[in-house]
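Residue numbers (full-length UniProt numbering): 1 to 190. Ideal Cβ positions, reconstructed from N, Cα and C, are used throughout, including at glycine. Only a predicted model underlies this, so the values are computations on that prediction, with no experimental measurement involved.
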């Protein structure tokens, strides 16, 4: 009779353990993350020091993460105020980027897929964006065409923005190394 409560406890523990593991692998890129404003990066995901959750995410997604010496990816799914990035709204990404040999900025839907659009524009590189006089970028995300550095959002309800910095001198031994990334602000919604 005492085996029934033990078996039930083991069943609950197994279900709970598998559920938490599944959630961690499908909803996280790893535990070793760096957050700078709305941006989040995982500096060790492409290294031998990657945590088990980062390795599981890479194995499950099929993504090829950058080695820290090669570069770093920062993702944003919210603006600096914490509101989700909404493709039906006008959003601006403004600021000076950290030193890097090359960078790319790409907008995708919430699943990481490029958003089809008539302009055929999915992102910018450091070689094609128009900079401000002070060296800052000013990129607009909007469902409607805008002058300047505009990226179409297809009026998707949720967006993800990826900033890739290649050959950037980050060490992450202190929080100050990645202290400056562009600000993301929502201006207006349809």
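Its Cα nearest to that of residue 147, the residue 119 stands out among 163, 166, 157 and 119.
DSSP places residue 149 inside the beta strand (DSSP E), whose first and last residues are 149 to 152. Just so you know, the alpha carbons of residue 89 and residue 141 end up roughly 8 Å apart.
When the five nearest sequence neighbours on each side are left out, the beta carbons in the same chain lying within less than 8 Å of the beta carbon of residue 187 are those of 89, 90, 91 and 92, in order along the chain.
For residue 129, the CB contacts under 6 Å within the same chain, skipping 5 residues up- and downstream, are 137 and 149 in chain order.
Beta-bridge partners assigned by DSSP to residue 183: 94.
Shown here for residue 17: not one same chain residue has a beta carbon closer than 6 Å to its own, the five before and five after excluded. Residue 105 is positioned such that its CB atom lies no closer than 8 Å to that of residue 167. DSSP places residue 127 outside both helix and strand once states are collapsed to three, so it counts as coil. Sixteen is the threshold: when 16 or more other Cβ atoms of the shown chains lie within 10 Å of the Cβ of residue 76, as they do, the residue is buried. Per the coordinates, the alpha-carbon of residue 158 lies some 10 Å from the alpha-carbon of residue 112. Per DSSP, residue 190 lies in no beta strand (DSSP E) and is assigned neither H nor E.
When 71, 36, 98 and 97 are compared, the shortest CA-CA separation from residue 79 is found for 36. Of the residues 95, 122 and 100, the one whose Cα lies closest to the Cα of residue 108 is 122. Cβ neighbours of residue 117 within its own chain (closer than 8 Å, five residues either side excluded): 152 and 154.
Secondary structure at residue 115: coil, using DSSP grouped into helix, strand and coil. By alpha-carbon distance to residue 169, the top candidate from 99, 182 and 115 is 99.
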